[in-house]
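This report refers to the structure that appears directly beneath it.
In my numbering, the protein residues as written are 168 to 548.
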C-alpha cells in the first residue's frame, strides 16, 4: 500500500509488517481534512489484516497535521489498545506532538463498571426500616401542617380561596355523581338478587328489604362511594400536584412566601369534606332504588318495600354511614395531596404518585371502615 502523489495537498502511507508482529506505518505529506480520509482507510485496513502486537508510526515526513490527523493517531491507538497491543508515534514534529499530547489514552478508556455489592439481610432490614421511618415522618409532618392549615381556615374563613373550593367541589361532587349513582344502583340490584335466593327458601323474601337498607346505610353506600371517588379524585389530586412539583411550581410558591399546604391542599380538603357525604347520601338512595327494582320484580309493591325499610333502619344507621364518609373524604383528599407533594423528579414520577395515592387511599379507607365497624359494635349502634 503505497501512495505518493506529488501534489501540495497530498499524503502517502506505507505499511510493512516485520518479524515479531510489528506493523510499521510510514506517513508523509500533509494530514488535513482533505487527505486524512484516504490515509485513515488504508491504516485501519492494514491494522485489521495484520493484527500486530505493536504499531510503530514513522511521522518524521509529515509536514502538516491538524485535528483530523491527530484524530487518526488517536483512533489507531484506541484500536490497538483494545487488542492489548502497544502503539508508538516516532518523529512527529514538536508542534504536532503537543497537539497529540492533549488527548492522553486515559481519556478514551471505557470506565470499568463495578459490580453492585450484594446486600446482606441486616442491610436490607435496615434499609426497609429507614424507608418506613422516613415515610412515617413525612406523614406526620403533612398531617400536622394540614391540621394547622384547616384550623387557620376555620378561624380566618375570608382568607380561604373559595373560588378554588367551589371549582374542586364541582369536580369532586357533580362530575362524580353519575358514576357513583350507577355503581351504587348496580350494587343494590345485585345484592337484592343474591339475598333473595336464600331468603326465598324460607319464605322471607320481604326481609331482603331489611338486609338491603341496613347494608347500604351502614357499609356499602359509604364504602363504595368512597372507593369510587378515591379512584378518580385522589388520583387527580396526586397528578395535579405531582405535575406542579415536577415543573417546580411548588418551589416557586415557597419562594414567593406561600405555604403550599395552605394554598393548594386546604381548598381540596374542604371541598371533599362537603361533597363526599352528599355523594354518599345519593349513593344510598340509588342503592335502595336498585334494590327496589328487584323487589318490584319479585311482586312486592313500592309501599311494602318502603315500609319494610322504615321498620328495619333508623336515622342512626343512616347518619352512622354519613359520619364515616367525612373521614373517608379526609383520607381521599389528604392522601392524594400528600402523594402529589412528595412526587420525585423524572418522567414516571407522576404516574408512580398517582398509583400510590389510589392504592394507599383504598387501603386506608377499608382500614378506617373496619375501625368504625368495631367501634359501632361496642357502642351498640
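For each residue, glycine too, the CB sits at the ideal point set by N, CA and C.
The beta strand (DSSP E) enclosing residue i, as first and last residue numbers
i, result
"residue 190", "189-198"
"residue 181", "178-185"
"residue 376", "First-last for residue 376: 375-382, but that is the alpha helix (DSSP H), not the beta strand (DSSP E)."
Beta carbon of residue i nearer than 8 Å to that of residue j
i, j, result
"residue 191", "residue 220", "no"
"residue 450", "residue 356", "no"
"residue 491", "residue 335", "no"
"residue 437", "residue 320", "yes"
"residue 359", "residue 379", "yes"
"residue 198", "residue 178", "yes"
"residue 512", "residue 413", "yes"
"residue 350", "residue 391", "yes"
"residue 524", "residue 502", "yes"
"residue 551", "residue 465", "Residue coverage of the chain in this structure runs from 168 to 548, which leaves residue 551 outside it and unanswerable."
"residue 203", "residue 239", "yes"
"residue 498", "residue 532", "yes"
"residue 258", "residue 225", "yes"
"residue 206", "residue 255", "no"
"residue 505", "residue 318", "no"
"residue 346", "residue 529", "no"
"residue 354", "residue 507", "no"
"residue 375", "residue 462", "yes"
"residue 409", "residue 250", "no"
"residue 184", "residue 217", "yes"
"residue 235", "residue 193", "no"
"residue 548", "residue 487", "yes"
"residue 493", "residue 352", "no"
Limits of the unbroken alpha helix (DSSP H) element including residue i
i, result
"residue 500", "482-508"
"residue 416", "416-422"
"residue 351", "344-368"
"residue 536", "516-546"
"residue 330", "329-336"
"residue 435", "433-464"
"residue 302", "288-322"
"residue 389", "388-396"
"residue 409", "402-413"
"residue 478", "469-479"
Classification of residue i by the beta-carbon crowding that lies within 10 angstroms, buried from 16 upward
i, result
"residue 424", "exposed"
"residue 527", "buried"
"residue 304", "exposed"
"residue 536", "buried"
"residue 322", "exposed"
"residue 544", "exposed"
"residue 283", "exposed"
"residue 285", "exposed"
"residue 415", "exposed"
"residue 295", "exposed"
"residue 385", "buried"
"residue 475", "buried"
"residue 287", "exposed"
"residue 174", "The predicted model places residue 174 with a pLDDT of 46, which falls under 50 and marks its position as unreliable; any figure quoted below should be read in that light. Counting Cβ neighbours within 10 Å, residue 174 comes out exposed, since fewer than 16 surround it."
"residue 169", "Legend: pLDDT at residue 169 = 40, less than 50; position of this residue unreliable, no value from coordinates given."
"residue 171", "Summary for residue 171: the model assigns pLDDT 40, below 50, so the residue's position carries little reliability, and this model does not support an answer."
"residue 332", "buried"
"residue 482", "exposed"
"residue 307", "exposed"
"residue 348", "buried"
"residue 229", "buried"
Whole-number beta carbon distance between residue j and residue i, since they are thought to touch under 8 Å
i, j, result
"residue 495", "residue 389", "7 Å"
"residue 271", "residue 244", "Between residue 244 and residue 271 the Cβ distance is about 10 Å, and since that is not below 8 Å, they are no contact."
"residue 428", "residue 312", "4 Å"
"residue 209", "residue 180", "5 Å"
"residue 446", "residue 370", "Between residue 370 and residue 446 the Cβ distance is about 37 Å, and since that is not below 8 Å, they are no contact."
"residue 500", "residue 419", "23 Å between Cβ atoms; not a contact."
"residue 114", "residue 489", "The first residue shown for the chain is 168 and the last is 548, placing residue 114 beyond what the model contains."
Problem - 4 or more residues per run - each alpha helix (DSSP H) lying fully within the stretch 202-263 - result: 203-217 and 234-249
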